[in-house]
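Q:
Numbering (our numbering), first residue to last: 22 to 108.
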């Protein structure tokens, strides 16, 4: 993995998204990890840890496009079901 890439993780405040962000920071410490969030208040711990936050939702196409500017890799971490109910 090239570690200087901008890597955006959707669902960064969710159970799985938080784990993905933490794993990325360990395996690629020089990567620029970006968390896509709908509510920045739920992600203050991520911001304090050095994760860039970008606000957007799947319902807001202009905001989503803006959030993806400069992203080299996208990890789409989302589910319509809670993790314990997912197939």
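Each residue gets a CB set at the ideal place from its N, CA and C atoms; glycine is no exception.
Give the DSSP bridge partners of residue 98, in chain order.
A: The residue given as residue 98 occupies position 77 in the chain shown. None; residue 98 has no bridge partner.
Q: Where does residue 38 sit, in a helix, a strand or coil, going by DSSP?
A: To locate residue 38, count along the chain shown from 1; it is residue 17. Helix.
Q: For residue 91, list the residues DSSP reports as bridge partners.
A: Position 70 of the chain shown, counting from 1, holds the residue named residue 91. Paired residues: none, contrary to the question.
Q: Taking its Cβ as the centre, do 16 or more other Cβ atoms sit within 10 Å of residue 90, making it buried, or is it exposed?
A: As a working mapping, residue 90 is identified with position 69 in the chain shown. Residue burial annotation: residue 90 is exposed, with fewer than 16 other C-beta atoms found within 10 angstroms of its C-beta.
Q: Are the CB atoms of residue 37 and residue 88 nearer to each other than 8 Å?
A: Residue 37 sits at position 16 when you count from the first residue of the chain shown. Residue 88 sits at position 67 when you count from the first residue of the chain shown. No, they are not a contact pair.
Q: Using CA coordinates, which residue listed in 42, 66, 62 and 84 is at the minimum distance from residue 55?
A: On the chain shown, residue 55 is found 34 positions in, with the first residue counted as 1. Cα-wise, what sits closest to residue 55 is 42.
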